[in-house]
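S.K.:
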DNA sequence: CATGAATGAGAGTTCATTCAT
DNA sequence: GATGAATGAACTCTCATTCAT
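Chains as they are written, first to last, in the working numbering: chain A, 11 to 202; chain B, 11 to 202; chain C, 11 to 202; chain D, 11 to 202.
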């Protein structure tokens, strides 16, 4: 695939992401995408055979941006955790809508077939990262936690819950802040 | 609507629930329901005009079963909380699939229009119930918690996260147990 | 068919007429009629098998009222003609809509099959009646007309044209009056 | 829309006209049209969204042919009028059926919504044209008429009546001829 | 007789997908 | 490669008609 082709593919994915943001996964049709990116009907099929492939391309692009672990060398684990949670806060409150529901729809639909879902990997990696962070925090006596593994999972589940709730019944910035403070509190830390 | 009519309606909702369980909300067509309950095409429309109405009927029936608050008079708040979480565990691990994703799809689709979503009420009531429980637990010195309100919300978000994760990348019974233990732990309680 | 049956049938026809007035012939469904007369679905079928039969019943009832020839014994032909035209004026301007379009739809649909349309008879009789009237008027020297037969037809066609126009692009009372005056004028009469 | 597209659209309208001729307006379904032009179900929707749009396209095409005013420079008003009436005679007697009933159905159905019906314009223009013709005829002493305006309207109503009657109970060529002669007679002219 | 639930045929409409240009 | 017209499968919804009660 040439450079120009790649550019075009990227433009399609860009437009598609918008559409998935607005409408979730299942409600999106190839027609929607075609209209959103001003490409020809047949043209789209040259690059993507169906909305599944398109959504996977969107997810891939997404992960490249999102997965950047919080890295500030001179920060202590507590500060890094807080930075991560603040990043997640933005994700949760994104006005345009985040992809949560769409991802759930996608995963629900492809539950049976794919066993090694990238989402699973993403989940596991996030848990591992947080667990390490908490373990470090405990070791350096910034945090108090008997089970860093469970605490890490709990954070991820809470964030998932927040994301989904934000997309459905809504969540205020204040609520997210309180939850972040609560999470920090359970780890024995206080936000100044 | 006569008694028999009501019975039929119930039978339809029963069949519809199965279909929503299997396929979520958005992917379900009236045709699916028709086939699932062995009724005629037109017959279904006699009772429900579209999948939205059908899904709402399913939710209503669901709420009647689910909303039964945990009530054991001689149990202390900690025990009641544990009972509630065990109930939720069953919900999370339901083999047939629970309605979480379907509900999210439904809410996502109807986000703008309905302001007084029953789901919102359900959310608020659950939080209130848990908050009361925790406040009682603290007052009776069974629990330790500085902010019962945030703790209650945190539980709800965690459970939401678990439900959704269960329906997508999967969650083991052990994981749920650990999370329950963790939650109890953050409230200063230990499961024997 | 008992007396009660007949009453019911009449009530149905009454309701049906309203429906045909509002919607013409072709757009009317059995369901419309059922809803309009608050009878049961099956009940309607006991009396009428389809909208055609219903419409014919309406027409029959209509003809009984409408066909009453203008009869005022001590009036001269010119006065009788004017009375007839005034009667037709009411028909043309009926606010609720008259049956013209419905009748055309009905006749158009049943053009091929029925050869001895009651409408044809009605048309012929009306022409005959007017022709006689004009012939009398000429004989008694109230009117001037070389061809009473053509004049009679012309009146009927004009009235048909007015009825149809009234139901589509609309016709004012003034226009109808002018046309009546014009018709009388062509017969050498002047409306005082 | 390309040239080819336009050609296809025209072919559809052509086929649709046949269908409307045969069946009127209300009885026609998109399926009928699809079958009549050997196009695919979805293909038709590429060009027309419903029978209303289709019918309007037919009318438009029709008007382009029909509206050609009778123009013979060296003819006197009486001759021109006669030419016009002869043209109308053809329209009235068209064996395939003319569109009268269909137009009435269409107008009846869209009575309330559209205020500036093209049909109204057509009506007004025709009246104006005839009125001018008669006024000229009177001025040049070919005709005798006290109220050209009413005479013009009368002609239009009579022709409408004839068209409709032709489509329902039927009208013979002789009848149309007689009516034309009668109309000319009322204007003081005699057909040789 | 009367009811109205139930059926199924058929109309309207949308889209994924193909293919000639 | 790129286009967009064309196809047909699939879905929604409405009604005429029947039939058990």
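Backbone N, C-alpha and C define an ideal beta-carbon position, used for all residues, glycine too. Note that this is a predicted model, so its numbers are computed, not measured.
Using a Cβ-Cβ cut-off of 8 Å, state whether residue 97(A) counts as contacting chain B.
M.R.: So no, residue 97(A) is outside the interface.
S.K.: Can you name, in chain order, every residue of its own chain whose Cβ lies under 7 Å from the Cβ of residue 35(A), other than the five neighbours on each side?
M.R.: 65, 112, 115 and 116.
S.K.: Is residue 167(D) close to chain C? Criterion is C-beta to C-beta, closer than 8 Å.
M.R.: It does; some Cβ of chain C falls within 8 Å.
S.K.: Report the three-state DSSP secondary structure of residue 225(B) (helix, strand or coil).
M.R.: Residue 225(B) lies beyond the range of chain B shown here (11 to 202); nothing can be said about it.
S.K.: Would a check of beta-carbon distances place residue 138(B) closer than 8 Å to chain A?
M.R.: Taking Cβ atoms only, chain A never reaches closer than 8 Å to residue 138(B), which makes this a no.
S.K.: In whole angstroms, what is the alpha-carbon distance linking residue 68(A) and residue 177(C)?
M.R.: The straight-line gap from Cα to Cα measures roughly 58 Å.
S.K.: Is the beta carbon of residue 95(A) closer than 8 Å to that of residue 193(A)?
M.R.: Result yes, Cβ atoms of residue 193(A) and residue 95(A) sit closer than 8 Å.
S.K.: Note the first and the last residue of the continuous alpha helix (DSSP H) segment covering residue 189(B).
M.R.: Taken as a continuous stretch (DSSP letters only), the alpha helix (DSSP H) holding residue 189(B) covers 183 to 196.
S.K.: Considering Cα atoms alone, identify which of 158(A), 106(A) and 88(A) is closest to residue 152(A).
M.R.: With distances taken between Cα atoms, residue 152(A) lies closest to 88(A).
S.K.: What does the Cβ neighbour count give for residue 39(A), buried or exposed, with the cut at 16 atoms within 10 Å?
M.R.: Label assigned to residue 39(A): exposed.
S.K.: Using 10 angstroms around the beta-carbon of residue 51(D), count the other beta-carbons present and answer buried if the total reaches 16, otherwise exposed.
M.R.: Under this definition residue 51(D) is an exposed residue.
S.K.: So, with DSSP's three-state summary, where would you put residue 60(D)?
M.R.: Looking at residue 60(D) - three-state DSSP - the assignment turns out to be coil, as it is neither helix nor strand.
S.K.: Taking only beta-carbon positions, decide if residue 154(C) is within less than 8 Å of chain D.
M.R.: Residue 154(C) does not count as touching chain D.
S.K.: Quick check on residue 174(C) - is its C-beta less than 8 Å from some C-beta in chain D?
M.R.: Yes, because at least one Cβ of chain D sits closer than 8 Å to the Cβ of residue 174(C).
S.K.: For a contact defined as C-beta to C-beta under 7 Å, what are the partners of residue 117(D) on chain C?
M.R.: Simply 178 and 179.
S.K.: Could you tell me the distance, in whole angstroms, from the CA atom of residue 63(C) to the CA atom of residue 109(A)?
M.R.: One C-alpha to the other measures close to 59 Å.
S.K.: When burial is assigned at 16 or more other CB atoms within 10 Å of the CB, is residue 154(A) buried or exposed?
M.R.: By the 10 Å Cβ count, residue 154(A) comes out exposed.
S.K.: What did DSSP end up calling residue 136(B) once you bin it into helix, strand or coil?
M.R.: If DSSP states are grouped into helix, strand and coil, residue 136(B) belongs with the helices.
S.K.: Determine whether the Cβ of residue 189(D) lies closer than 8 Å to any Cβ atom of chain C.
M.R.: By this cut-off, residue 189(D) is an interface position.
S.K.: So is residue 104(C) in contact with chain D if we call contact Cβ pairs under 8 Å?
M.R.: No, because no Cβ of chain D sits closer than 8 Å to the Cβ of residue 104(C).
S.K.: Would you say residue 58(C) reaches chain D, if we count a Cβ-Cβ gap shorter than 8 Å as a contact?
M.R.: Not closer than 8 Å to any Cβ of chain D, the Cβ of residue 58(C) fails to qualify, so no.
S.K.: Can you look up residue 31(D) in the DSSP assignment and give me helix, strand or coil?
M.R.: The answer is helix: DSSP assigns residue 31(D) an H, G or I state.
S.K.: In chain D, what lies closer than 8 Å to residue 133(C) by C-beta?
M.R.: Per Cβ cutoff of 8 Å: 175 and 179.
S.K.: For the alpha helix (DSSP H) containing residue 43(C), name the first residue and the last one.
M.R.: Unbroken alpha helix (DSSP H) run through residue 43(C): 40 to 47.
S.K.: For a quick check, are the C-beta atoms of residue 61(D) and residue 196(C) less than 8 Å apart?
M.R.: The answer is no: Cβ separation not under 8 Å.
S.K.: Skipping 5 residues on each side, what residues in its chain have a beta carbon closer than 6 Å to that of residue 91(D)?
M.R.: Closer than 6 Å at Cβ, skipping near neighbours: 143.
S.K.: Could you tell me the distance, in whole angstroms, from the CA atom of residue 221(C) to the CA atom of residue 32(C)?
M.R.: This structure leaves residue 221(C) out entirely; chain C is present only between 11 and 202.
S.K.: Which chain D residues are close to residue 37(C), counting only those with a beta carbon under 8 Å from its beta carbon?
M.R.: Per Cβ cutoff of 8 Å: 36 and 119.
S.K.: How would you call residue 29(A), buried or exposed, if buried means at least 16 neighbouring beta carbons within 10 angstroms?
M.R.: Residue 29(A) should be labelled buried.
S.K.: Using beta-carbon positions only, say whether residue 71(C) and residue 23(C) come within less than 8 Å of one another.
M.R.: For residue 71(C) and residue 23(C), yes; Cβs fall inside 8 Å.
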